[in-house]
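Undergrad:
4 protein chains.
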Amino acid sequence: MTIEGSKQTTASGKIRLGMVGGGQGAFIGAVHRIAARLDDQYDLVAGALSSDPERAMASAADLGIAADRSYASFEEMAKAEAARPDGIEAVSIVTPNHMHAPAAKAFLNAGIHVICDKPITTTVEEARELVSLAEQSGKIFALTHNYTGYPMIRQAKAMVDQGELGDIRVVQVEYPQDWLATRAEASGSKQAEWRTDPKRSGAGGCIGDIGTHAYNLASFVTGLELDQLLADLTTFVEGRLLDDDVQILLRFKGGAKGHLWASQVAVGNENQLKLRVFGTKAGLEWVQADPNYLWFTRFGEPKQLLTRGGAGAWDEASRMSRIPGGHPEGYLEGFANIYSEIAAAIRAARTGGKAAADVTFPSVYDGLKGMQFIEAAVASSQNGNVWTKLP
Amino acid sequence: MTIEGSKQTTASGKIRLGMVGGGQGAFIGAVHRIAARLDDQYDLVAGALSSDPERAMASAADLGIAADRSYASFEEMAKAEAARPDGIEAVSIVTPNHMHAPAAKAFLNAGIHVICDKPITTTVEEARELVSLAEQSGKIFALTHNYTGYPMIRQAKAMVDQGELGDIRVVQVEYPQDWLATRAEASGSKQAEWRTDPKRSGAGGCIGDIGTHAYNLASFVTGLELDQLLADLTTFVEGRLLDDDVQILLRFKGGAKGHLWASQVAVGNENQLKLRVFGTKAGLEWVQADPNYLWFTRFGEPKQLLTRGGAGAWDEASRMSRIPGGHPEGYLEGFANIYSEIAAAIRAARTGGKAAADVTFPSVYDGLKGMQFIEAAVASSQNGNVWTKLP
Amino acid sequence: MTIEGSKQTTASGKIRLGMVGGGQGAFIGAVHRIAARLDDQYDLVAGALSSDPERAMASAADLGIAADRSYASFEEMAKAEAARPDGIEAVSIVTPNHMHAPAAKAFLNAGIHVICDKPITTTVEEARELVSLAEQSGKIFALTHNYTGYPMIRQAKAMVDQGELGDIRVVQVEYPQDWLATRAEASGSKQAEWRTDPKRSGAGGCIGDIGTHAYNLASFVTGLELDQLLADLTTFVEGRLLDDDVQILLRFKGGAKGHLWASQVAVGNENQLKLRVFGTKAGLEWVQADPNYLWFTRFGEPKQLLTRGGAGAWDEASRMSRIPGGHPEGYLEGFANIYSEIAAAIRAARTGGKAAADVTFPSVYDGLKGMQFIEAAVASSQNGNVWTKLP
Amino acid sequence: MTIEGSKQTTASGKIRLGMVGGGQGAFIGAVHRIAARLDDQYDLVAGALSSDPERAMASAADLGIAADRSYASFEEMAKAEAARPDGIEAVSIVTPNHMHAPAAKAFLNAGIHVICDKPITTTVEEARELVSLAEQSGKIFALTHNYTGYPMIRQAKAMVDQGELGDIRVVQVEYPQDWLATRAEASGSKQAEWRTDPKRSGAGGCIGDIGTHAYNLASFVTGLELDQLLADLTTFVEGRLLDDDVQILLRFKGGAKGHLWASQVAVGNENQLKLRVFGTKAGLEWVQADPNYLWFTRFGEPKQLLTRGGAGAWDEASRMSRIPGGHPEGYLEGFANIYSEIAAAIRAARTGGKAAADVTFPSVYDGLKGMQFIEAAVASSQNGNVWTKLP
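Chains as they are written, first to last, in the numbering used here: chain A, 34 to 424; chain B, 34 to 424; chain C, 34 to 424; chain D, 34 to 424.
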């Protein structure tokens with residue numbers, strides 16, 4: 034055990050951040066704010082926190098945002114902030130899905146970096162537009178697939194990259210929840226309402242909300258490109274408009290296969306995201322609810338339990354960690370790691386440079402891939418569960 | 034905790050048992066013998082233990098079988114034992130798969146009850162013949178899908194039967210192993226040789242060896258009938274003749290869906306059979322490697338860890354158990370439970386009766402279903418992974 | 034994974050076994066019988082199964098013991114069996130504690146090997162007498178501290194013996210149960226009655242029933258000699274006559290220290306016996322309820338989870354095992370291992386020889402040590418919790 | 034599962050905070066800063082971050098502290114800040130132990146609230162002086178026994194308080210680590226150096242560093258007052274000046290007993306703090322490394338696994354939580370909870386009021402108790418391991 038944590042924090046020259054969405058009553062906005070704050074890299078100085086003007090203003094006051102930088106709309110905010118000498122350098126977009134694209138466009142066009150919640154948009158087409166716009170603008174576009182920020186996920190990826198697993202054969206990923214096992218959207222849950230509403234969520238329900246997380250995580254760790262999928266999307270809860278359970282067979286380029294299961298009706302599961310990767314030489318297993326552990330087993334050798342901060346932790350994990358082994362880090366620290374990686378990129382961009390090579394975070398391209406994944410899965414399912422190529 | 038175990042053993046009038054296969058160097062034969070012995074219900078008195086005559090004789094001597102009841106072939110054994118006044122009442126068939134059907138026929142024809150290892154045959158046709166023959170003969174035909182003998186599996190089934198889970202929505206079952214991650218069949222492993230040889234195993238490799246176990250277990254606990262499946266069978270190890278990894282989407286009659294994964298290349302897994310069942314009211318989770326535990330979660334309530342012999346154990350579990358909670362029972366006890374259930378049926382049959390209603394064990398019909406499952410999966414996979422109806 | 038189990042069974046020339054105690058309604062007698070039967074090394078042919086003659090006879094009939102070898106008393110049995118040419122070679126004594134010594138004496142005097150449940154007697158004095166008598170008689174005296182029969186405990190011992198842990202510093206052992214959290218002895222539990230009755234149990238309650246198991250296990254694995262102890266014995270349940278919770282500080286010869294906790298009022302625990310050993314080079318952890326696992330951690334290296342039958346299992350574990358890794362063995366198999374080790378010794382003794390060097394089981398000396406441990410703990414506690422030397 | 038987190042953050046009117054110690058190369062200072070920042074309740078505006086003036090200045094620059102508020106000594110800082118209209122309201126003292134008392138005195142005397150790392154001082158006498166001074170000053174004195182900030186620890190405490198466990202009988206608490214299993218203090222570890230140096234740590238090594246945490250946690254959850262203890266302190270690593278392993282028998286007022294084990298040589302353990310409480314009605318178990326879980330078992334009922342944010346979480350837990358169940362919170366969040374509780378008290382004190390009744394954090398009295406615990410344990414051990422009364 035090293036007592037010293039590895040993560041270095043530099044507070045000077047904090048990044049001026051704005052936020053769209055995330056006002057009173059929202060969930061993920063508060064998470065983004067904590068994530069931005071944890072390593073002291075950002076100052077939240079502006080917001081269009083709610084489509085309801087009163088709530089927007091009250092929320093801004095709660096958060097110590099000056100009244101004149103609390104905006105009634107993201108359009109206004111993008112324009113006004115771009116015009117200020119001390120305007121925001123980056124914006125976090127934490128609205129329901131259907132607002133991601135218009136908001137992102139406004140800020141990219143205003144020359145402001147974008148940090149966007151997932152899934153990136155509600156359609157592939159919008160996602161493609163954002164890719165183009167991001168490329169043209171030269172601005173950073175980060176997507177908060179936060180699970181890629183967990184230290185032991187970074188280690189898992191590094192182990193795969195460096196050949197510890199040999200050639201990957203099988204990838205099993207699953208994300209069961211149970212909070213939509215009943216029709217919560219009909220009994221007043223705001224979170225359930227928009228997540229089960231095609232207008233605000235897009236064509237995918239469970240697959241968009243958590244299936245994309247599972248897909249992104251599997252892709253991140255294995256480095257494999259999904260070639261085709263065969264999906265069976267189901268709506269178990271009567272009256273629900275979108276899928277709440279997703280079974281998908283996976284075929285990766287290079288011959289690996291696998292399975293992705295996401296469910297919001299799996300009673301007894303909170304956020305039981307789990308990834309298993311099996312190669313010719315070794316296997317890995319990681320569970321989000323217990324993220325400080327990584328099981329690693331070489332063929333024919335005893336199972337090893339690697340721990341964040343413990344013996345067996347690689348630099349790739351330690352770099353993303355703040356405290357010694359045995360003192361658990363959690364979801365917020367993983368989320369903060371994404372924000373801090375983005376911060377490194379923004380700081381580098383201030384002087385026209387690039388962040389160090391090991392700085393990594395999900396990008397607009399991952400967002401597009403996520404939408405293509407959703408689109409392919411919905412199509413496969415609608416077409417009778419047939420193999421469907423990813424573009 | 035009750036200190037007293039619940040299982041009652043009656044040793045008087047033990048059942049005279051023979052065995053086909055299971056000589057020196059075999060694996061599952063020894064397991065059957067321990068299972069038969071554990072509750073003291075059987076006497077092993079005859080055998081055709083090996084196709085190699087010398088090994089047969091030596092094996093019999095090892096096991097205390099009289100020389101004149103050690104036979105060179107099962108045909109001879111069936112004939113001779115049927116002719117003896119103290120001939121065997123039942124035979125255990127523990128050969129490689131391709132010998133199950135001919136041996137079973139010989140003993141059924143000789144009026145001897147059959148206890149057969151799984152899968153029942155190598156083809157659906159043979160399995161159908163055995164069903165007919167078993168029906169005609171009026172003899173008991175038991176199949177050792179031993180996992181159905183675990184006490185907490187009995188409880189799981191009872192909980193589903195009595196509505197504790199509500200309507201079943203999702204069934205996830207998996208059976209990963211890693212012992213065939215390399216080409217063990219080419220380096221002298223007898224167990225690997227016949228299991229990867231289509232002539233001795235049938236059309237299924239991994240799916241026949243462990244996929245059928247997973248399917249049988251899911252069927253047993255949920256009571257659901259599989260309507261159709263969509264399978265992707267893969268052979269990852271070069272040069273292997275049968276599948277070593279199996280991904281199957283499941284659709285049950287009544288609307289439940291699910292997924293079955295079996296693999297023999299999942300490095301880091303020994304015999305990690307796991308069943309999860311999710312209903313409208315509650316969920317269940319059980320893992321074979323830790324069989325004394327059953328997770329049970331009612332929607333909106335804390336997770337419960339039910340233990341064999343502990344508070345929360347039902348009669349259905351206690352009936353199959355010998356020792357107090359916290360003192361683990363294992364694989365052999367579960368296997369023995371199947372043998373003891375069969376013994377109850379054989380004893381009842383002695384006087385033309387039926388065993389008590391709660392006595393249950395896998396039958397020739399389960400054997401047929403297993404073969405139909407294999408056949409459908411192989412067909413689905415060969416036909417491009419399409420939905421394939423079970424008969 | 035090896036598919037083949039390692040344990041070899043030889044059924045020829047089974048050992049003729051008798052039993053004292055263990056009639057209908059008893060608990061541990063049935064466990065002994067299964068343990069004796071599992072590897073097919075013994076034939077149970079005689080018994081004095083109950084002090085109640087009718088129950089003795091009925092129990093014998095249940096077990097297939099001939100009526101003329103069902104005795105009304107152990108004295109009669111010892112005499113009669115010694116006189117028969119086919120008399121028993123060994124006897125299992127499974128009565129309440131206070132009957133162990135008189136019964137053992139009768140059989141040793143009759144030239145019959147003794148297998149005795151623990152604790153060996155109710156006083157140190159009686160235990161000393163048994164040691165003398167056993168030495169004089171030249172007969173085997175085995176004590177069923179069954180936990181030493183678990184394969185991974187054998188491995189743990191071997192790892193310590195071969196220096197894998199370096200010098201032992203700290204030994205933490207605990208055995209919490211909860212079945213005596215209320216006054217069960219006052220509400221009809223036979224098991225609770227005699228275990229809380231000084232006349233039948235001796236001076237120790239919890240410490241005799243399970244504390245000795247914990248002490249024996251720690252001694253077996255570490256090979257350390259206990260030098261002194263400091264005990265605090267408590268009776269939490271009002272009206273109870275013996276201790277139901279035990280806290281003991283331990284000092285071993287050579288400088289290792291440790292702690293033993295045993296409790297029968299630790300609500301939520303079934304039989305949660307756990308041993309942890311920490312040396313200069315590595316640490317070990319084992320839990321009886323999950324006995325197929327052994328945690329092993331070298332200083333500065335990742336934690337390893339060793340599994341029975343898996344990669345990392347040593348010969349010392351495999352020798353005591355029947356089935357492949359991932360298929361759990363349990364309490365009965367561990368108990369059976371003790372019986373089979375004893376069988377090896379008895380077989381060797383038939384021809385005046387000694388069993389192979391690796392055959393080991395708890396002996397009359399371990400029994401004496403257990404009684405000295407109880408005596409020292411009771412004395413320490415009564416004298417104000419002072420350090421008390423072991424003889 | 035509720036998606037909405039429960040914790041409310043109010044950023045307006047942040048508390049002006051200073052820090053003593055915690056400059057470059059320190060460990061716990063960074064933890065305090067994150068904890069203060071997480072809920073956005075504090076602004077770190079002043080510091081005497083190192084006894085080395087250059088390092089103090091560089092550290093302050095790193096942290097965005099204005100150069101004129103980076104002080105060369107805490108005396109200077111206390112004086113200067115007290116004199117500023119915008120001076121700090123509270124100070125965090127995160128130096129080695131021996132500096133806690135002089136620093137705390139300086140700030141209390143200057144009318145500034147104190148947040149002090151544990152143990153509070155190096156002697157009982159100093160601790161008593163701080164109690165007096167804190168009482169006289171009317172200022173808040175908080176001690177960062179951070180484990181009391183974990184949500185499920187709050188729930189455990191509430192469950193005990195509300196009688197869910199009945200009368201407490203047995204309390205088992207342990208805190209094993211392994212980072213001092215070798216003589217790290219001789220090979221350049223700063224953290225090891227001062228922790229094993231009596232001049233900087235006081236009379237207790239392991240007992241002061243982590244034993245006090247274990248004691249504080251057990252006291253907090255059970256609400257029991259320790260009456261006497263019997264300790265055996267050991268130094269296993271040659272050349273070390275303070276204890277590195279601690280075994281303590283506990284007797285609480287009212288009759289409960291228990292055991293505390295803390296070790297820094299328990300190879301294989303990182304920060305494996307574990308608390309178990311057993312009452313007449315139920316038992317509890319909690320492990321710091323997996324803090325989102327709380328095992329709760331009513332006598333005669335199935336074990337329940339309560340999860341932070343999940344079904345079965347009480348308000349006392351939810352109040353201390355930010356994100357949904359299944360998304361783990363960790364050490365930093367628990368630490369932040371202590372800071373936010375203190376913030377509530379400081380805000381209330383601004384207007385001469387008191388925080389809400391459920392606001393709670395460790396105080397100067399807990400600090401005194403911790404020192405009395407250390408002193409009693411050292412005395413008990415030196416006097417031959419005798420029962421020693423707490424004052």
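From the three backbone atoms N, C-alpha and C, an ideal C-beta is built for every residue, glycine too.
Considering just the uninterrupted stretch of the alpha helix (DSSP H) at alanine 189 of chain B, what are its terminal residues?
TA: Mapped onto the second sequence, residue 189 of chain B falls at position 156. Its alpha helix (DSSP H) spans residues 184-194.
Undergrad: Given a cut-off of 8 Å on the beta-carbon distance, is the pair lysine 138 of chain C and leucine 166 of chain C in contact?
TA: Within the third sequence, numbered from 1, the residue matching residue 138 of chain C stands at position 105. Within the third sequence, numbered from 1, the residue matching residue 166 of chain C stands at position 133. Closer than 8 Å, so yes.
Undergrad: Determine the chain C residues that contact leucine 405 of chain B at a beta-carbon separation under 7 Å, and present them in chain order.
TA: As a working note, residue 405 of chain B is residue 372 in the second sequence. First, the residue type needs correcting, since residue 405 of chain B is glutamine and not leucine in the sequence shown. Those do not exist, as glutamine 405 of chain B stays about 27 Å from chain C at its closest Cβ, beyond 7 Å.
Undergrad: With a 10 Å radius around its C-beta and 16 neighbouring C-beta atoms as the bar for buried, classify glycine 38 of chain A as buried or exposed.
TA: Here residue 38 of chain A refers to the residue found at position 5 of the first sequence. The predicted model places glycine 38 of chain A with a pLDDT of 38, which falls under 50 and marks its position as unreliable; any figure quoted below should be read in that light. Flag for glycine 38 of chain A reads buried.
Undergrad: Exposed or buried, which one is alanine 225 of chain C when buried takes at least 16 other CB atoms within 10 Å?
TA: Along the third sequence, read from residue 1 onward, the residue named residue 225 of chain C stands at position 192. Flag for alanine 225 of chain C reads buried.
Undergrad: For chain B, is any of its Cβ atoms less than 8 Å away from the one on aspartate 260 of chain A?
TA: In the first sequence, residue 260 of chain A corresponds to position 227, counting from 1. Cβ-Cβ to chain B under 8 Å: no for aspartate 260 of chain A.
Undergrad: Would lysine 112 of chain D pass as an interface residue toward chain C - the criterion being a Cβ-Cβ separation below 8 Å?
TA: As a first step, residue 112 of chain D must be located in the fourth sequence, where it is residue number 79. Judged by the 8 Å Cβ criterion, lysine 112 of chain D is not in contact with chain C.
Undergrad: Between serine 413 of chain A and chain B, is there a C-beta pair that is closer than 8 Å?
TA: Start at 1 with the first residue of the first sequence, and residue 413 of chain A comes out as number 380. Chain B contact via Cβ: absent.
Undergrad: With 8 Å set as the bound, which would you pick, yes or no: does the beta-carbon of leucine 317 of chain A sit closer than that to a beta-carbon of chain C?
TA: Against the first sequence, residue 317 of chain A aligns to sequence position 284. Not an interface residue.
Undergrad: Is the separation between the beta-carbon of aspartate 276 of chain B and that of cysteine 239 of chain B shorter than 8 Å?
TA: Here residue 276 of chain B is taken as the residue at index 243 of the second sequence, counted from 1. Here residue 239 of chain B is taken as the residue at index 206 of the second sequence, counted from 1. The answer is yes: Cβ separation under 8 Å.
Undergrad: From which residue to which residue does the beta strand (DSSP E) around valine 397 of chain C run?
TA: In the third sequence, residue 397 of chain C corresponds to position 364, counting from 1. No beta strand (DSSP E) holds valine 397 of chain C; the alpha helix (DSSP H) holding it covers 397-415.
Undergrad: Whose C-beta lies closer than 6 Å to the C-beta of glutamate 362 of chain B among residues of the same chain, with five residues either side of it excluded?
TA: Mapped onto the second sequence, residue 362 of chain B falls at position 329. Contacts found: none.
Undergrad: Would you call glycine 62 of chain D buried or exposed, if buried means 16 or more other Cβ atoms sit within 10 Å of its Cβ?
TA: Within the fourth sequence, residue 62 of chain D is the residue found at index 29, counting from 1. So glycine 62 of chain D ends up on the buried side.
Undergrad: In this structure, what does DSSP give as the bridge partners for isoleucine 48 of chain C?
TA: In the third sequence, counting from the first residue as 1, residue 48 of chain C sits at position 15. Answer is C/Tyr75, bridged to isoleucine 48 of chain C.
Undergrad: Identify, in the order they occur along the chain, each residue of the same chain with its Cβ nearer than 8 Å to the Cβ of alanine 279 of chain D, setting aside the five sequence neighbours on each side.
TA: What you label residue 279 of chain D is simply residue 246 of the fourth sequence in a count that begins at 1. Note on residue identity: the sequence assigns valine, not alanine, to residue 279 of chain D. Excluding sequence neighbours, valine 279 of chain D sits near Cys239, Ile240, Gly244, Ala264, Asp265, Leu266, Thr267, Leu293, Trp294, Ala295, Ser296, Ala410.
Undergrad: At what residue ranges does the segment 231-305 of chain D contain a whole run of the beta strand (DSSP E), taking only runs of 3 or more?
TA: Complete beta strand (DSSP E) runs here, min 3: 259-267, 278-285, 290-296.
Undergrad: Please classify glutamine 415 of chain D: is it buried, with 16 or more other beta-carbons within 10 angstroms of its beta-carbon, or exposed?
TA: Looking up residue 415 of chain D in the fourth sequence gives position 382. Under this definition glutamine 415 of chain D is an exposed residue.
Undergrad: When we look at the beta-carbon of lysine 336 of chain A and count the other beta-carbons within 10 Å, is it buried (16 or more) or exposed?
TA: Indexing the first sequence from 1 puts residue 336 of chain A at position 303. When all chains shown are included, lysine 336 of chain A counts as buried.
Undergrad: Starting from serine 222 of chain B, follow its DSSP beta bridges and name the residues at the other end.
TA: Translated into the one-based positions of the second sequence, residue 222 of chain B becomes position 189. Its beta-bridge partners do not exist; DSSP assigns none.
Undergrad: Output the distance between the C-alpha atoms of glutamine 169 of chain A and arginine 355 of chain A, rounded to the nearest integer angstrom.
TA: Mapped onto the first sequence, residue 169 of chain A falls at position 136. Mapped onto the first sequence, residue 355 of chain A falls at position 322. Each residue's alpha carbon lies about 36 Å from the other.
Undergrad: Which of the three DSSP states, helix, strand or coil, is assigned to tryptophan 227 of chain C?
TA: Position 194 of the third sequence, counted from the first residue, corresponds to residue 227 of chain C. Looking at tryptophan 227 of chain C - three-state DSSP - the assignment turns out to be helix.
Undergrad: Distance cutoff 8 Å, beta carbons only. Does lysine 422 of chain D sit that close to anything in chain C?
TA: In the fourth sequence, the residue the question calls residue 422 of chain D occupies position 389. By this cut-off, lysine 422 of chain D is not an interface position.
Undergrad: Report the residue from D/Asp85, D/Gly120, D/Gly256 whose alpha carbon sits nearest the alpha carbon of alanine 99 of chain D.
TA: As a first step, residue 99 of chain D is located in the fourth sequence; it is residue number 66 there, counting from the start. Per the Cα distances, D/Gly120.
Undergrad: Going straight from the alpha carbon of threonine 340 of chain D to that of valine 254 of chain D, what length do you get?
TA: By 1-based counting over the fourth sequence, the position of residue 340 of chain D is 307. By 1-based counting over the fourth sequence, the position of residue 254 of chain D is 221. Roughly 17 Å between the two C-alpha positions.
Undergrad: Just tell me which of D/Asp194, D/Glu158, D/Tyr75, D/Val124 has its CA closest to the CA of phenylalanine 174 of chain D.
TA: Counted from its first residue, the fourth sequence places residue 174 of chain D at position 141. For phenylalanine 174 of chain D, the nearest C-alpha among the options comes from D/Val124.
Undergrad: Check whether the Cβ atoms of glycine 403 of chain A and tyrosine 208 of chain A sit closer than 8 Å, and answer yes or no.
TA: Here residue 403 of chain A corresponds to residue number 370 of the first sequence, with the count starting at 1. Here residue 208 of chain A corresponds to residue number 175 of the first sequence, with the count starting at 1. Cβ atoms of glycine 403 of chain A and tyrosine 208 of chain A: not closer than 8 Å.
Undergrad: Please determine if the segment 132-150 of chain B and the segment 101-115 of chain B are in contact, where contact requires at least 3 C-beta pairs separated by less than 8 Å.
TA: The segment 132-150 of chain B, when compared against the segment 101-115 of chain B, does touch it at the 8 Å Cβ threshold.
Undergrad: Give the straight-line distance between the Cα atoms of aspartate 200 of chain D and glutamate 334 of chain D, rounded to the nearest whole angstrom.
TA: The residue you call residue 200 of chain D lines up with position 167 of the fourth sequence. The residue you call residue 334 of chain D lines up with position 301 of the fourth sequence. So the two alpha carbons sit approximately 18 Å from each other.
Undergrad: Please state whether the Cβ-Cβ distance between lysine 308 of chain C and valine 206 of chain C is less than 8 Å.
TA: Residue 308 of chain C sits at position 275 when you count from the first residue of the third sequence. Residue 206 of chain C sits at position 173 when you count from the first residue of the third sequence. For the sequence presented, residue 308 of chain C should be read as leucine rather than lysine. Yes.
Undergrad: Where does valine 310 of chain A land, buried or exposed, given buried means 16+ other C-beta within 10 angstroms?
TA: For the purposes of this step, residue 310 of chain A is taken as residue 277 along the first sequence, with counting starting at 1. It counts as buried.
Undergrad: Apply the 10 Å Cβ neighbour rule to glutamine 210 of chain C and answer buried if 16 or more other Cβ atoms are within range, or exposed otherwise.
TA: The sequence position of residue 210 of chain C within the third sequence is 177, counting from 1. With 16 or more Cβ atoms within 10 Å of its Cβ, glutamine 210 of chain C is classed as buried.
Undergrad: Are the segment 369-386 of chain D and the segment 381-391 of chain A touching, with three or more C-beta to C-beta distances below 8 Å?
TA: No, they do not touch.
Undergrad: What is the C-beta distance between lysine 223 of chain C and glycine 58 of chain C, in whole angstroms, given that I count them as a contact (C-beta under 8 Å)?
TA: If you number the third sequence from 1, residue 223 of chain C lands on position 190. If you number the third sequence from 1, residue 58 of chain C lands on position 25. About 6 Å separates the two Cβ atoms, so the contact holds.
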